[in-house]
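Following: one structure in structure tokens, then a few remarks.
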Amino acid sequence: MRRTRKEEADLSQIQTSLEVFLEDYNRNIPVGFPRASVAILKKFQSIYPSIFKHGNTWSIALYRKKVIDWLSSYRNAD
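If you're matching positions, the sequence shown starts at 1 in the UniProt record's numbering and goes up one per residue.
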């Protein structure tokens, strides 16, 4: 079942687990953008602990753009 725009917007605002964030991030990332993994997201979280004000929870609205930017530079550093 396809989600409505309102459901997508509501989902992006909630705090969720790393696994749910990962699934949503990879499902909605444009073709050609680097995909994330649990290990990569844990690395991101360890580098930027100060942005995780709600502990070990993730939010598409808060972290998606930051992960995209970081992941592009992280992949280029390999």
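All residues carry an ideal CB built from backbone N, CA and C; glycine is no exception.
L22 places its beta carbon 9 Å or farther from that of F44. Of the candidates Y48, K42 and K65, K42 places its Cα closest to the Cα of E19. The beta-bridge partner set that DSSP reports for W58 consists of T16.
Taking the C-beta atoms as reference points, K66 is found nearer than 9 Å to Y48.
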